[in-house]
Amino acid sequence: MNSERIVQDASSDGSFRIIPRAQHSISRKSISPGALRVLYRLHEAGYQAFLVGGAVRDLLLGGHPKDFDIATNATPEQVRAQFRNCRLIGRRFRLAHVVFGREIVEVATFRGSSDDGSGDRHSIDGRLVRDNVYGSLEEDAVRRDFTVNALYYDIADFSVRDAVGGMADLEHRVMRLIGDPQLRYREDPVRMLRAARLAAKLRFEIAPETAAPFALLGSLLADAPPARLFDESLKLFLGGYGLASFRALERYGLLQHVFPVTARVLAEGTAPHFRSLVEQTLAGTDARVREGKPVTPAFLFAAILWEPVCAASQALIDTGMDASSAWTHAVDRVLHEQAQRVAIPRRFTITIEEIWALQSRFAQRTKKRALRLLEHPRFRAAYDFLLLRAGESPELAELAAWWTDAQQLRPDEFAERLGAMPAPSPLTDAAPTAKRKRARRRRRKARPEGGVETPATDTSD
Ligand code: ATP
Ligand code: MG
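If you're matching positions, the sequence shown starts at -16 in my numbering and goes up one per residue.
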């Protein structure tokens, strides 16, 4: 440690710590080939060039970064002049993207701190909507979110530069917001979600002063653009650490600002099955991400909003509405309320609605209906959802097992099985008689633990 240097930054008032190559674990071998080429090219052209952000953080922690971001003192235009395969993007933050086949390396010019109005920086109500004032490394560091995200790996001598105490926080596994927390969250409320997500992913604690403003400022998330919150939701839940992220959001009181209906149902504690359903879904998604299998946000949102939609439907039935209309209204209402916060694109809400609607059709095991259901494009997702529900509601186990079997049969065997189906049983089959309908209603009412019961679309026969 004694060979470490504290250096005065010539271009600003402050100082930063330099951690020489021998004292940190970042090896060039673990940097992507594209990022290395960009770093070297900028360096050879006489610019400063650093690997920065999540990549440095993850490499120091021994992980594998998703992407490699670069910071430089070259302007976006100067960066573009160095590469044939480069395009400039972004208005709020102007950036250069250098493309190497499937790899895109993002190159950002150091953001400056001077706010004399001469540069291209604009805020609305304290929220930063445009930030294209350029500056030094040190100025760039203090504009980043957390100290562990503000470490710079210098291609000139392979050292790491630390202007904000990020190295110490990394060693102590602490997420600490840079600067005045109130101000920084007002500038960008999504930083609260990033704190929870990164703490969950890295298994860090959030520093007390960084978490303290959540209670007061969490409601600012309501003003964050819903499209950005959708992107952030994907990072939270489909990034491989979905369960941990969800628990962190709940623990830090942030869930209510992003998924208010879900948070309300969970807080009421009237639906213990629902909590397991959500947790199982997230755990399953994490496992799929680890195995490199595809995941869809539709499935996850279908689970997160399932009990809210069942409860809303039941409430309407209790006011005397027929089951089918109640279900349609409930779906619209829950999706509409959720859309105020998180803009779930239409292609996903269609799938969510299909996954839900198919749940009641699983019970309809007559020949024609069952064959049609097996061929439904959303059968697989809906069946996976049924399995999850069956895991939490034992009364669905027989039905789930039946559909598991059904998929293993050849079409002719399946048709034969259906031909030999026993007379419809009240528990599992459709075409309800008036008497059976009454029985179902009673069962649905008697669901105080909030079990995830099939939605009431049984009148569609
Ligand atoms: P991940 O592992 O999710 O990619 P990350 O820290 O790399 O985490 P990115 O969204 O890729 O997150 O952002 C790259 C870097 O940009 C961050 O490490 C941080 O330095 C900076 N940054 C990102 N979002 C913000 C923000 N809202 N405010 C300030 N700085 C930010
Ligand atoms: Mg990143």
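Glycine included, every Cβ here is placed at the ideal spot set by N, Cα and C.
Inset, instruction - Return yes when the Cβ of Gln321 is within less than 8 angstroms of the Cβ of Val244, no when it is not. - result: Residue 244 sits at position 261 when you count from the first residue of the sequence shown. Residue 321 sits at position 338 when you count from the first residue of the sequence shown. Yes, the pair counts as a contact, with Cβ atoms nearer than the cut-off.
| field | Beta-ladder partner(s) of Tyr80, from DSSP | value | On the sequence shown, residue 80 is found 97 positions in, with the first residue counted as 1. According to the sequence provided, residue 80 is His. The question's Tyr does not apply to it. Partner(s): Arg70, Glu89.
Quiz item: Less than 8 angstroms separating the beta-carbons of Arg169 and Leu203?
Solution: As a working note, residue 169 is residue 186 in the sequence shown. As a working note, residue 203 is residue 220 in the sequence shown. Contact: yes.
Checking the sheet assignment: what are the DSSP bridge partners for Met158? Sequence index remark: in the sequence shown, residue 158 carries index 175 (1-based). Ile189.
Ser119 and Ile450 - do their beta-carbons sit closer together than 8 angstroms? Here the chain comprises residues numbered -16 to 444, so residue 450 is not present and cannot be evaluated.
Check: Do three or more CB pairs link the region 345 to 365 to the region 306 to 317 at distances below 8 angstroms?
Finding: Too few Cβ pairs lie closer than 8 angstroms, so no.
* To do: Consult DSSP for Ser296 and reduce its assignment to one of helix, strand or coil.
  => In the sequence shown, residue 296 corresponds to position 313, counting from 1. For Ser296, the three-state secondary structure derived from DSSP is helix.
DSSP three-state label for Val317, please. The sequence position of residue 317 within the sequence shown is 334, counting from 1. Assigned with DSSP and collapsed to three states, Val317 falls in helix.
Pick from Gly36, Ala384, Arg67: whose alpha carbon is nearest that of Val82?
Position 99 of the sequence shown, counting from 1, holds the residue named residue 82. If we check each option's Cα against that of Val82, Arg67 comes out closest.
| said: When you measure from the CB of Asp128 to every non-hydrogen atom of the ligand MG, does any distance come out below 7 angstroms? | reply: As a working note, residue 128 is residue 145 in the sequence shown. False, no ligand heavy atom lies under 7 angstroms from that Cβ.
ask   = Between which two residues does the alpha helix (DSSP H) containing Asp41 stretch?
value = Mapped onto the sequence shown, residue 41 falls at position 58. Unbroken alpha helix (DSSP H) run through Asp41: 37 to 43.
* **Neighbourhood of Leu134 by C-beta, 6 angstroms cutoff - its chain only, sequence neighbours within 5 removed** => Counted from its first residue, the sequence shown places residue 134 at position 151. Excluding residues within five positions, the ones whose Cβ falls inside 6 angstroms are Val39, Val143, Asp145, Gly149.
Residue range of the unbroken beta strand (DSSP E) whose run includes Arg127
Counted from its first residue, the sequence shown places residue 127 at position 144. Counting along the chain, Arg127 falls outside any beta strand (DSSP E), and DSSP gives it neither H nor E.
**Message:** Using 8 angstroms as the threshold, is the C-beta distance between Leu249 and Ala286 below it?
**Reply:** On the sequence shown, position 266 is the one that residue 249 refers to. On the sequence shown, position 303 is the one that residue 286 refers to. Not a contact, by the Cβ cut-off of 8 angstroms.
Item to check | Close-in-space but distant-in-sequence residues of the same chain around Ser216 (CB under 8 angstroms, 5 per side omitted) | outcome: Along the sequence shown, read from residue 1 onward, the residue named residue 216 stands at position 233. Excluding residues within five positions, the ones whose Cβ falls inside 8 angstroms are Val241, Pro280, Val325.
Grouping DSSP H, G and I as helix and E and B as strand, with all else coil, what is Thr311? The count along the sequence shown starts at 1 and reaches residue 311 at position 328. The answer is helix: DSSP assigns Thr311 an H, G or I state.
Is any heavy atom in the ligand COA found nearer than 7 angstroms to the beta carbon of Ala133? Ligands in the displayed structure: the ligand ATP and the ligand MG; the ligand COA is not one of them.
Comparing alpha-carbon positions, which option in Leu356, Arg126, Ser376, Ala389 lies nearest Ala254? Position 271 of the sequence shown, counted from the first residue, corresponds to residue 254. With distances taken between Cα atoms, Ala254 lies closest to Ser376.
Point to revise | Among Leu44, Ala340, Asp123, Phe76, nearest to Arg186 - alpha-carbon criterion | key: Your numbering for residue 186 matches position 203 in the sequence shown. Comparing Cα-Cα distances from Arg186 to each of Leu44, Ala340, Asp123, Phe76, the minimum goes to Leu44.
- Sort Ala294, Tyr23, Phe282, Phe257 by Cα distance to Thr268 and report the nearest one. In the sequence shown, the residue the question calls residue 268 occupies position 285. The shortest C-alpha separation from Thr268 is found at Phe282.
Check: Does the region 297 to 304 come close enough to the region 181 to 196 to have 3 or more Cβ pairs within less than 8 angstroms?
Finding: Counting Cβ pairs under 8 angstroms, fewer than three are found: no touch.
Determine the burial state of Gly29: buried for a count of at least 16 other Cβ atoms within 10 Å of its Cβ, exposed for fewer. Taking the sequence shown and counting its residues from 1, the one referred to as residue 29 is at position 46. Exposed.
DSSP three-state call for Leu134: helix, strand or coil? Locating residue 134 in the sequence shown gives position 151, counting from the first residue. Residue state, collapsed to three classes: strand.
Considering only DSSP beta bridges, list what Tyr117 is partnered with. Working through the sequence shown from its first residue, we reach residue 117 at position 134. DSSP lists Arg94 as partners of Tyr117.
Helix or strand or just coil, what does DSSP make of Val147? Numbered from its first residue, the sequence shown carries residue 147 at position 164. In the structure shown, Val147 falls within a coil segment according to DSSP collapsed to helix, strand and coil.
Consider the C-beta atom of Asp214 and the heavy atoms of the ligand MG; say whether any pair is separated by less than 7 angstroms.
Residue numbering aside, residue 214 sits at position 231 when the sequence shown is read from its first letter. Short note on Asp214: C-beta not closer than 7 angstroms to any heavy atom of the ligand MG.
Assuming Ala57 and Leu19 are in contact, meaning their beta carbons sit under 8 angstroms apart, how far apart are those beta carbons, in whole angstroms?
Counting from one through the sequence shown, the residue named residue 57 turns up at place 74. Counting from one through the sequence shown, the residue named residue 19 turns up at place 36. So it is not a contact: roughly 17 angstroms between Cβ atoms.
Review point. Hey, how far is the Cα of Ser296 from the Cα of Arg316?
Key: Residue numbering aside, residue 296 sits at position 313 when the sequence shown is read from its first letter. Residue numbering aside, residue 316 sits at position 333 when the sequence shown is read from its first letter. Whole-angstrom Cα-Cα distance: 10 angstroms.
* **Contact shell at 7 angstroms, judged by CB to any heavy atom of the ligand MG, ordered along the chain** => Those residues that have a beta carbon less than 7 angstroms away from any non-hydrogen atom of the ligand MG are, in order along the chain, Gly36, Gly37, Ala38, Pro48, Lys49, Asp50, Asp52.
Report task. Using 10 angstroms around the beta-carbon of Arg247, count the other beta-carbons present and answer buried if the total reaches 16, otherwise exposed. Result -> Here residue 247 refers to the residue found at position 264 of the sequence shown. Classified as exposed, Arg247 has fewer than 16 neighbouring CB atoms from the shown chains inside 10 Å of its CB.
Item to complete: Check the DSSP bridge columns for Thr55 and list the partner residues they point to.
Response: Counted from its first residue, the sequence shown places residue 55 at position 72. Beta-bridge pairing links Thr55 to Ala32, Thr92.
Any heavy atom of the ligand ATP within a distance shorter than 7 angstroms of the CB on Val116? Here residue 116 refers to the residue found at position 133 when the sequence shown is read from its first residue. No, the beta carbon of Val116 sits no closer than 7 angstroms to any heavy atom of the ligand ATP.
- Residue ranges of each alpha helix (DSSP H) run of no fewer than 4 residues wholly in the region 187 to 223, ordered along the chain? The region 187 to 223 contains, as complete alpha helix (DSSP H) runs of 4+ residues, the segments 191 to 194, 197 to 200, 209 to 221 (chain order).
If I measure Cβ to Cβ from Phe229 and keep anything under 6 angstroms in the same chain, skipping five residues before and after, which residues do I get? Position 246 of the sequence shown, counting from 1, holds the residue named residue 229. For Phe229, where only same-chain residues beyond five positions count, the Cβ hits under 6 angstroms are Leu265.
Q) Is the closest heavy atom of the ligand ATP to the C-beta of Asp171 under 7 angstroms? A) Locating residue 171 in the sequence shown gives position 188, counting from the first residue. Yes.
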